[in-house]
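Participant: What follows is a single structure, and I will ask about it in a moment.
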Amino acid sequence: GQKEEASSSPGLSLLFSQQYLAILSSLWPPDRVRTGMATCSFLFSALRSSPLVLLPVRRSFAVQPARNCLLKHAASVALSSEVRVLAPPIVEALHSAAVEGWEGLLSLSLKRANFSPKVEEGQGQADLRKLVHVLSRSKVLTSLDLRNCELEEEGWGLLSSSLSHLSCLRTLDLSHTSCGDLGVRALSAFLPSLVGLRDLALVGNQIGAEGSEGLASGLTCLKELKRLELGMNWIKAKGIKQLTGSLRCCFTLESLDLRRNGLAEDAAAAVAEVMQACPRLTFLDLSMNWFGADGAKALALALSSTCSIKQLLISQNELGPQGFLVLARAAISSTILTRLDVSKNAIGKEGLHLLAASMSREGEIEGASQNEEREQEEGEDEEDEERQQQQQQQQGHVKEEERGREKEGEENGSLRSIDLSENFIGDEGMEHFMQAMISSSGSRSLEHVDLRINSLSSQSLHAFLLHAQSFPRMRSLDLRGNEVSKEEKSKFTGLLTNVTI
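597 is the number that my numbering gives the last residue of the sequence shown; the numbers go up by one with no jumps.
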């Protein structure tokens, strides 16, 4: 009888069959939530051992009987809200449940909440204290997302102290909370307690050299850290040098975001050291800094060494033609790097011309070296014929192994994507680009080329069509923002059946 009653309520037939319940409030209009929750309360009691997930939280959660019933019967709950006005009722419900001994908070996302003491009648600080109490009782919390929340200095102290209880926490996002140096130092004091933390995001928090020093002391204890986001701060060369020693200890680090941090040539050596020291680092974002041509040389040396970077984003770094040349050469010769973003770097046609000439010279030198070896072999005396045969056999084995390694590198790690957008290379630069890639055999692995806003015309499409066979894996050629009409693009799309233009 209860089952039939449940299935007649809106949305309940879907819920009854799920082990992991997903309560979408859109299934329950606000005017029916009160009766709907009363009807299905037995259902939550019956499935108390199963996790209950609320995603997303909308205005129906503000109805007090609904949220109290959910938290009363749920073994664990994941809450997510981007609506500022919902933060107080969510915190109130969690606090009430925690006071009664409930410890089932699994994941919490409260974006844009206002915990500032400037809120009328101190409501913001009161809500923050309630949240801190909830966190102190959350034994199974694995994810905490407080992006864009308004926190003052006092609030950061309260919040940081609550983190010492979250030993199960895996993801922590405190981006755009204006913590500053004082806030991040308070946070760093409790980072050693988060032994299982894997993702840490502190984007856009006005962190400088002083905050970097404090953060460095806390990072050394995070042995499982995989992703670190420090973009849109102001750590500069001094800050990155302080972080280098700690990052060297993060052997599991896979992704590092350092975009827009005021990093220039004097920070390049420290960044290069991190690139070489972190054996699993595959993603590095250095966009919107000031490395320039000289800084690019240090980064290129790191790419050419035992570096594990697969994706390097270095747009808007004032590289110029020379900086692009050294980075592009390292990227093309790498058997690991798959993606290179050098957009908005004032490369121009000069940079592509330098690259084409460089790749062509390398090809000529390699060909001359091979011819010299053949001539030397032909000029050997007959008395040394047996020795020559042995040497040739050994060389053959070595070359075969080298070809095998090259083939493996092409299949597993060659450059597949390059972003050259907004560099104004023109049609002449496009010709040089194709020449460079073909000369270096880099064209065989390329799948995507971004050439937006580069003053290109249909001439570049004609040139690519002539060399299309040299780009067997090409799947996408982005030409938006150029002088190529839709009619011309559609005509070439018909000819290049495997390439999206």
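Backbone N, C-alpha and C fix where the C-beta goes; we use that ideal spot for every residue, glycine too.
1) Whole angstroms is fine: what's the gap from S284's alpha carbon to F420's?
2) Please report the distance separating the alpha-carbon of F520 from that of M455.
3) Less than 8 Å between C-beta atoms, sequence neighbours within five positions excluded: which residues of the same chain meet that for N357?
4) Look at L352 and L315 and say whether their C-beta atoms are less than 8 Å apart.
5) Taking just the CA atoms, how far does A426 sit from L377?
6) Just mark T434 as buried or exposed, buried being the case when its beta carbon has 16 or more other beta carbons within 10 Å.
7) Would you call Q412 buried or exposed, if buried means 16 or more other Cβ atoms sit within 10 Å of its Cβ?
8) Can you tell me which of the three DSSP states I514 falls into?
9) With DSSP as the reference, label L399 as helix, strand or coil.
10) Does the separation of the CB atoms of L231 and L237 fall below 8 Å?
11) Between the alpha carbons of P213 and Q221, how many angstroms are there, rounded?
12) Tell me whether Q372 sits in a helix, a strand or coil according to DSSP, three-state version.
13) Note the first and the last residue of the continuous alpha helix (DSSP H) segment covering T589.
14) Straight-line CA distance for L293 to R266?
15) Using C-beta distances below 8 Å, list every residue in its chain close to V228, excluding the 5 sequence neighbours before and after it, in chain order.
16) Going straight from the alpha carbon of S430 to that of E320, what length do you get?
17) In or out: K503 buried (at least 16 other Cβ within 10 Å) or exposed?
18) Are the beta-carbon atoms of L436 and L511 separated by less than 8 Å?
19) Who pairs with S66 in a beta bridge, going by DSSP?
20) Of all the beta strand (DSSP E) runs that stay within the bounds of the stretch 283 to 365, which reach a length of 3 or more residues?
21) With a threshold of 16 other CB atoms inside 10 Å of the CB of N594, please say whether the residue is buried or exposed.
22) Taking G307 and R281 to be in contact with their CB atoms under 8 Å, please state how far apart those CB atoms are, rounded to whole angstroms.
Facilitator: On the basis of the coordinates in this document:
1) Distance between the alpha carbons of S284 and F420 is about 37 Å.
2) One C-alpha to the other measures close to 21 Å.
3) Once the five neighbours on either side are set aside, the close Cβ partners of N357 are L326, G327, M328, N329, W330, I331, K332, G335, I336 and N385.
4) In this structure, L315 does not lie closer than 8 Å to L352 by Cβ.
5) When rounded, the separation of the alpha-carbon atoms in L377 and A426 is 17 Å.
6) It is buried - the Cβ of T434 has at least 16 other Cβ atoms within 10 Å.
7) Buried: at least 16 other Cβ atoms inside 10 Å.
8) If DSSP states are grouped into helix, strand and coil, I514 belongs with the strands.
9) Three-state result, L399: helix.
10) For L231 and L237, yes; Cβs fall inside 8 Å.
11) Each residue's alpha carbon lies about 5 Å from the other.
12) In the structure shown, Q372 sits in a helix (DSSP, three-state: H, G or I).
13) First-last of the alpha helix (DSSP H) with T589: K582 to L591.
14) The alpha-carbon of L293 is positioned some 4 Å away from that of R266.
15) The answer, listed in chain order, is L254, L255, S257 and S258.
16) The straight-line gap from Cα to Cα measures roughly 28 Å.
17) With a pLDDT of only 49 at K503, under the threshold of 50, the placement of this residue in the model should not be trusted; the figure read from the coordinates follows. It is exposed - the Cβ of K503 has fewer than 16 other Cβ atoms within 10 Å.
18) The answer is yes: Cβ separation under 8 Å.
19) Since the first residue shown for the chain is 97 and the last is 597, residue 66 is missing from the structure and cannot be characterised.
20) Counting whole runs of 3 or more residues, the stretch 283 to 365 contains the beta strand (DSSP E) stretches 295 to 297, 323 to 325 and 351 to 353.
21) Of the residues assessed, N594 falls on the exposed side of the cut-off, its CB having fewer than 16 other CB atoms within 10 angstroms.
22) Between R281 and G307 the Cβ distance is about 6 Å, and since that is below 8 Å, they are a contact.
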